[in-house]
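Working notes, structure below.
Protein chains: 2
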Amino acid sequence: MSAEPPSPHRSPAASHTGTERRSTALHTDRYELTMLQAALADGTAQRHCVFEVFTRRLPPGRRYGVVAGTGRLLEALSTFRFGDAELAYLSREGVVDRATLEYLADYRFHGTISGYAEGECFFPGSPVLSVEGTFAEAVLLETLVLSILNHDSAVASAASRMTGAAIGRPCLEMGSRRTHEESAVAAARATAVAGFAGTSNLEAGRRYGLRTIGTAAHAFTLLHDDERSAFAAQVRALGPGTTLLVDTYDVAQGVRNAVEAAGTDLGAVRLDSGDLPFLAQEVRHQLDALGATGTRIVVSSDLDEHAIAALAAAPVDSYGVGTSVVTGSGAPTCGMVYKLVAREGPDGTLQPVAKASATKKSLGGRKQAARRLDESGRAIEEVVVGGPDHAVTGWTPDTADLRPLHVPLVNDGAVDTRWTGAPGVALAAQTHERSRAELPPGATRLSAGDPAVPTVQTTLTD
Amino acid sequence: MSAEPPSPHRSPAASHTGTERRSTALHTDRYELTMLQAALADGTAQRHCVFEVFTRRLPPGRRYGVVAGTGRLLEALSTFRFGDAELAYLSREGVVDRATLEYLADYRFHGTISGYAEGECFFPGSPVLSVEGTFAEAVLLETLVLSILNHDSAVASAASRMTGAAIGRPCLEMGSRRTHEESAVAAARATAVAGFAGTSNLEAGRRYGLRTIGTAAHAFTLLHDDERSAFAAQVRALGPGTTLLVDTYDVAQGVRNAVEAAGTDLGAVRLDSGDLPFLAQEVRHQLDALGATGTRIVVSSDLDEHAIAALAAAPVDSYGVGTSVVTGSGAPTCGMVYKLVAREGPDGTLQPVAKASATKKSLGGRKQAARRLDESGRAIEEVVVGGPDHAVTGWTPDTADLRPLHVPLVNDGAVDTRWTGAPGVALAAQTHERSRAELPPGATRLSAGDPAVPTVQTTLTD
Numbered sequence: 160m161s162a163e164p165p166s167p168h169r170s171p172a173a174s175h176t177g178t179e180r181r182s183t184a185l186h187t188d189r190y191e192l193t194m195l196q197a198a199l200a201d202g203t204a205q206r207h208c209v210f211e212v213f214t215r216r217l218p219p220g221r222r223y224g225v226v227a228g229t230g231r232l233l234e235a236l237s238t239f240r241f242g243d244a245e246l247a248y249l250s251r252e253g254v255v256d257r258a259t260l261e262y263l264a265d266y267r268f269h270g271t272i273s274g275y276a277e278g279e280c281f282f283p284g285s286p287v288l289s290v291e292g293t294f295a296e297a298v299l300l301e302t303l304v305l306s307i308l309n310h311d312s313a314v315a316s317a318a319s320r321m322t323g324a325a326i327g328r329p330c331l332e333m334g335s336r337r338t339h340e341e342s343a344v345a346a347a348r349a350t351a352v353a354g355f356a357g358t359s360n361l362e363a364g365r366r367y368g369l370r371t372i373g374t375a376a377h378a379f380t381l382l383h384d385d386e387r388s389a390f391a392a393q394v395r396a397l398g399p400g401t402t403l404l405v406d407t408y409d410v411a412q413g414v415r416n417a418v419e420a421a422g423t424d425l426g427a428v429r430l431d432s433g434d435l436p437f438l439a440q441e442v443r444h445q446l447d448a449l450g451a452t453g454t455r456i457v458v459s460s461d462l463d464e465h466a467i468a469a470l471a472a473a474p475v476d477s478y479g480v481g482t483s484v485v486t487g488s489g490a491p492t493c494g495m496v497y498k499l500v501a502r503e504g505p506d507g508t509l510q511p512v513a514k515a516s517a518t519k520k521s522l523g524g525r526k527q528a529a530r531r532l533d534e535s536g537r538a539i540e541e542v543v544v545g546g547p548d549h550a551v552t553g554w555t556p557d558t559a560d561l562r563p564l565h566v567p568l569v570n571d572g573a574v575d576t577r578w579t580g581a582p583g584v585a586l587a588a589q590t591h592e593r594s595r596a597e598l599p600p601g602a603t604r605l606s607a608g609d610p611a612v613p614t615v616q617t618t619l620t621d
Numbered sequence: 160m161s162a163e164p165p166s167p168h169r170s171p172a173a174s175h176t177g178t179e180r181r182s183t184a185l186h187t188d189r190y191e192l193t194m195l196q197a198a199l200a201d202g203t204a205q206r207h208c209v210f211e212v213f214t215r216r217l218p219p220g221r222r223y224g225v226v227a228g229t230g231r232l233l234e235a236l237s238t239f240r241f242g243d244a245e246l247a248y249l250s251r252e253g254v255v256d257r258a259t260l261e262y263l264a265d266y267r268f269h270g271t272i273s274g275y276a277e278g279e280c281f282f283p284g285s286p287v288l289s290v291e292g293t294f295a296e297a298v299l300l301e302t303l304v305l306s307i308l309n310h311d312s313a314v315a316s317a318a319s320r321m322t323g324a325a326i327g328r329p330c331l332e333m334g335s336r337r338t339h340e341e342s343a344v345a346a347a348r349a350t351a352v353a354g355f356a357g358t359s360n361l362e363a364g365r366r367y368g369l370r371t372i373g374t375a376a377h378a379f380t381l382l383h384d385d386e387r388s389a390f391a392a393q394v395r396a397l398g399p400g401t402t403l404l405v406d407t408y409d410v411a412q413g414v415r416n417a418v419e420a421a422g423t424d425l426g427a428v429r430l431d432s433g434d435l436p437f438l439a440q441e442v443r444h445q446l447d448a449l450g451a452t453g454t455r456i457v458v459s460s461d462l463d464e465h466a467i468a469a470l471a472a473a474p475v476d477s478y479g480v481g482t483s484v485v486t487g488s489g490a491p492t493c494g495m496v497y498k499l500v501a502r503e504g505p506d507g508t509l510q511p512v513a514k515a516s517a518t519k520k521s522l523g524g525r526k527q528a529a530r531r532l533d534e535s536g537r538a539i540e541e542v543v544v545g546g547p548d549h550a551v552t553g554w555t556p557d558t559a560d561l562r563p564l565h566v567p568l569v570n571d572g573a574v575d576t577r578w579t580g581a582p583g584v585a586l587a588a589q590t591h592e593r594s595r596a597e598l599p600p601g602a603t604r605l606s607a608g609d610p611a612v613p614t615v616q617t618t619l620t621d
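Here is the structure:
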C-alpha cells in the first residue's frame, strides 16, 4: 500500500476533520421536553437532582458487562445545543411553549457527571453513571445518555467475550454492513475498547484513530476472468503482504494460485466459508508444503465467541468477526436505565426518591461503588455504597481491598477530555484489559452462569 | 401544547434544516477501496457490473420480511462524496494510492439502481435491489447499501408483526434509548413504514415529518413532593388532553389523582409495569366509574408482538413499544448480502458469475421479480426471473396474475426523489399496507412458520 500525499490542490487544512458537528439535541424523546415545560412552569425544574444509570440484570447467562460509550457521550454533550433550526422545529410542531424554547436556546449542561471509567466491567446494579444538576439540565440528557451507553456497552460486552475466547489471537471487526451505518462506527470503537485489533470501517479509523484492516471480497475474484488474474492484480496493487481470499471456487486450488501469485511471502489467506477447523488445518499443511510457512490464516464466516472458542486448537492466526459482534451476540442492547434517585425537597435538602414497584426495584439515593479484591488482587464483590447524601458524597474506601470505581467525567459542565477522542479509546482499552484480568478465573467462561461477582449493598451511617 | 412562534431574533431561514450533510463516503469497508485500487490498475474497474442484494433466509420462524431504508439509501447517495477531508485521511493512512485518490475525488455514482419499492414484503431469495454500473462505482456502495437495508429492514420486519398483532390499535415507537442515537432515528422511520402511528424521537420527527408523541416519566412524578402536584403541573402545562403516568406509587390512587387533576376530559393514562392485561381491565373500570369514559389507556413495559397479541382482549387503546422493535425483536439484522451476479467479460458482453460454494448458493445473472396472485388477488408465489441478460432486462409479465416488483430508483445517477424525504416514508407506508394485505391469510401469524409464499425461479429463454 502506498502512502503518497494527496495532490496539493486538495490538501486540507489540518484542523478540518470532515465530520461537521451536528446538533445532538433532538436525539431526545419528546417527553423530556414536555416534562421540562411543566417543571419550568411550576418551579421544580430548578430542583437539584441526581440521576443514576444502571442495569437491573445482565443478558441471560452473561458473567459481566463492559461499560462503553462514555467518551462518545462526552463528545456528544458538546453538541447538545438547541440552535435556530432545532428551536424552529420545536416551535413549528408546538412541542413546547415559548418559555421552554427560551430556556432551551441557552441550554448548556453545567452539572457534574461521574461514573465507571470506560472499559470497566460492570454487574447488575452497578451505578455506572451519575448525572447531577438541576432537573432541567439533567432530564434532557436521558435519551442521549442511554442510547450511547446501551448500544456501545452491548457491543463491548459481546466483543470482550470474543477477545477472551481468542486467547491472544487478534480479533478484527468486519460487521459494518450488518448494522446501521453510524452504529457501525460506534460498534468498531466499542470493539476496540474490548481489545479488538482492527476494524474494516474507515470512518471509525478516521474518527477514533483505529487501525483499519481489510482483505478482498468474492466480487473481486468474480470480476476477473479467473482467480489467477484476480490474485495477480491484487498482489501487484497491494504487495505480497496482502490477504488473498481463497474460497471463491476451490480452496486447494485457491491456495496454490495465491502462493503462485504472491510467492512464499504472501501475507495471509482468508477462509470465509465451509468447515473452518478442518479447512484451516488443510490449508496450513498446504501452505507449509508450498514453503509459505509465514503466511497467516484469517477466518471469517458468521463467527461468534463460541465459534472462536471452537477454533482454539486450529491453526488460525486471526478472526474476522461481523454480525455477531455488532449486534451484541444475542444481546443488542444493555437495558440500562436512567433513574432519578435523589432530588432537592421543599426544604432545600437532597432527598432519596424511588418508584414504588414490586417488579422494578430501585434503591433511592446517591451511590458510589467499589470493587472488593482478595489478597491476590482478584475481584470478589461489587460493593454499592449508599446512605446519607453527604456521607456518600465524601466517601472514600477506608480499606486497601476496595478499589473505588467512580471517576470524574464532567465537572460543573467542563468535560474531562482524557476520555474523549482517540486517546480516550486507548485509555478505555487499557482500562478494560486491567478490569477483566482482575475478575475471578471463571469470569470469561462462555457457558451460561451467574455474574462473576455478587453485587452487595453497603449503607453508610451519619 | 402551545404552538407559539420562536422569538424573532432566533427565527431561522426556512431553508435551514439543521441537519448538515456529512459525507457518507467513509461508511465503507477498507477493502472496497483496496479492491478498487487493484481493479483500476488492471483495467477491470471499468467493467460493467450488476450487483444484487438479497437474503438467503428469513430469521427463524418468520413468514415475511419488509424492505426498508431505500429512501435513506437514496438520500445517503447524494453525500457519498470523497471531499478533501476524506481524501486526506485515506492518503495519510496509506489506504490507497494516488491514482485511486484521484478517482475518488471525482466519484459520483452514474449507474442505475432498481429494486423492490420501500415497504414491499420480501422472501428468501427476493432480489430486493439491483445496482448496475462499472465495478468501480458499484463496489464502493456495498457497505453503505447493506448497512442501511439490513438495519432498517430488520426493524420494519419486526414492526410489521407488531402492527399486525395490534389489529388496528395504534403502535407508538419509544425505543430510542435502547439503540444507537442515529439508529434510533432510522428505526423510528422504519416503524413508520410498517404502520406505527408515532414516535417519541424528535429528530425523526424533524427529519422525516413523523408524528411525535410522548407521555411523562416516573422521574417527573418523583421530582414533585407528591403525585398530585406532579399531575397538576403536567395538566397545567400540557392541558387535560395529556397522558398521565399512573404507576409510580399505587395505580388505583394514581388513577384517582389523575382524574382529580385533569377532570373527566383526561386524554389518557399510561401503565408501564405490572400485569398489564389485568391492570388495564381494573383501570378501565375505575376510569369509567369516575366518569372518565373517554380517557384512553396506553400501555408500555417491554412489549413485543407476542405481548401485544396477548393484550388483544384487554381494554387497551395504544401500545408503546421500545426495546423489541428497535432491536428487530430477536433479529437485529437481516442478513442481506450484496453479490456480484454479472459482469462484462473480455468480449464486452455481460456474463453471469457466482461463487462456487456448497453452503452459500447464489444464482448468477441479472434477475427481476414478480409476485404471483391468485384470482382473489392473494399472493401465492414469489417469482424470481433469470435467464439471458437481454431477456431479463426487457422482461415484463405477460400474464395479469404477475405483479412486477422492481421499480426504478436511480437512473444513470439521477435519484428518483419520490422515494426520499417525508413523502418517501408516506409512500413506503402505503406500499407496505397494500403488500401485507395481499399476503395469504396465515402470513401475519406470530407462531414460527415457513415463508408465507414460496420463492420459485423461472428462467427465460432467448
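If you're matching them up, the sequences are chains A and B in order. The numbering of the first sequence is our numbering, which starts it at 160 and goes up by one. The numbering of the second sequence is our numbering, which starts it at 160 and goes up by one. Even glycine gets a Cβ: it sits at the ideal position worked out from N, Cα and C.
Item	Value
How many angstroms separate the CA atom of G504 (chain A) from the CA atom of D265 (chain A)?	26 Å
Please confirm if M333 (chain A) has its CB atom under 8 Å from at least one CB of chain B.	yes
Could you give the distance in angstroms between the alpha-carbon of A451 (chain B) and the alpha-carbon of A198 (chain A)?	26 Å
Measure how close the beta-carbons of V544 (chain A) and A528 (chain A) come, nearest whole angstrom, since I'm counting them as under 8 Å.	6 Å
Could you name each continuous beta strand (DSSP E) segment of 3 residues or more that falls completely within the region 315 to 390 of chain A, going from the start of the chain to the end?	330 to 332
Identify the continuous beta strand (DSSP E) that holds G479 (chain A) and give its terminal residues.	477 to 480
Going along chain B, which residues have a C-beta under 8 Å from L300 (chain A)?	Correct list: empty, because the minimum Cβ distance to chain B is about 11 Å.
How would you list, in chain order, the residues of chain A whose beta-carbon sits under 8 Å from the beta-carbon of Y248 (chain B)?	G177, L361, G364, R365
Is the region 424 to 434 of chain B in contact with the region 396 to 416 of chain B, if contact means three or more CB pairs nearer than 8 Å?	yes
Per DSSP, which one or two residues make a beta bridge with N570 (chain A)?	A:A573
Below 8 Å, can you find three or more Cβ-Cβ pairs linking the region 576 to 589 of chain B to the region 265 to 282 of chain B?	yes
Would you say I456 (chain A) lies against chain B (beta-carbon separation less than 8 Å)?	no
At what residue ranges does the region 534 to 595 of chain B contain a whole run of the alpha helix (DSSP H), taking only runs of 4 or more?	548 to 552
With 9 Å as the C-beta to C-beta threshold (strictly closer), list the residues of the region 268 to 286 of chain B near chain A in chain order.	none
Quick one: grab the DSSP three-state call for E191 (chain B).	helix
Three-state secondary structure (DSSP) at A602 (chain B)?	helix
So which residues of chain A does D384 (chain B) contact, with C-beta pairs closer than 8 Å?	G504, P505
Under 6 Å Cβ to Cβ from W554 (chain A), same chain only, skipping five residues before and after it: list those, please.	Q527, V544
Given this structure, state the Cα-to-Cα distance separating V574 (chain B) from A313 (chain B), to the nearest angstrom.	24 Å
Helix, strand or coil for S483 (chain B), going by three-state DSSP, please let me know.	helix
Can you tell me whether R395 (chain A) is helix, strand or coil according to DSSP?	helix
Which of the three DSSP states, helix, strand or coil, is assigned to P436 (chain A)?	helix
So what does DSSP say about V615 (chain B), is it helix, strand or coil?	strand
When you compare the CB of K514 (chain A) with every CB in chain B, is at least one pair closer than 8 Å?	yes
Three-state secondary structure (DSSP) at Y648 (chain A)?	Since the first and last residues shown for chain A are 160 and 621, residue 648 (chain A) lies out of range.
For I653 (chain B) and S388 (chain B), which I take to be in contact (beta-carbon distance under 8 Å), what is that distance rounded to the nearest angstrom?	Past the boundaries of the shown model lies residue 653 (chain B); chain B is included only from 160 to 621, so the question cannot be answered.
Could you list the residues in the region 190 to 205 of chain B with a C-beta less than 7 Å from some C-beta on chain A, going in chain order?	Y190, T193, M194, Q196, A197, A198, A200, D201, T203
Using a Cβ-Cβ cutoff of less than 7 Å, which residues in the same chain neighbour I326 (chain B) once the five nearest sequence positions on both sides are dropped?	A471
Using 8 Å as the threshold, is the C-beta distance between Y159 (chain A) and T374 (chain B) below it?	Any answer about residue 159 (chain A) is impossible in this case: the structure gives chain A only from 160 up to 621.
Please work out which residues of its chain come closer than 6 Å, Cβ to Cβ, to N570 (chain B), disregarding the five sequence neighbours upstream and downstream, and give them in chain order.	T271
If you measure beta-carbon to beta-carbon, which residues of the region 335 to 351 of chain B are closer than 7 Å to chain A?	S335, R336, R337, T338, H339, E340, E341, S342, A343, A345
Name the chain A residues that come within less than 7 Å of F294 (chain B), Cβ to Cβ?	L382
What do you reckon, are the CB atoms on T486 (chain B) and T338 (chain A) nearer than 8 Å?	no
Return helix, strand or coil for H207 (chain A), following the three-state DSSP convention.	strand
Determine contact between the region 242 to 249 of chain A and the region 181 to 189 of chain A, defined as no fewer than three beta-carbon pairs at a distance below 8 Å.	yes
What residues of chain B sit near Y262 (chain A), judged by a beta carbon separation below 7 Å?	Those within 7 Å of Y262 (chain A) in chain B number zero; the least Cβ separation is about 12 Å.
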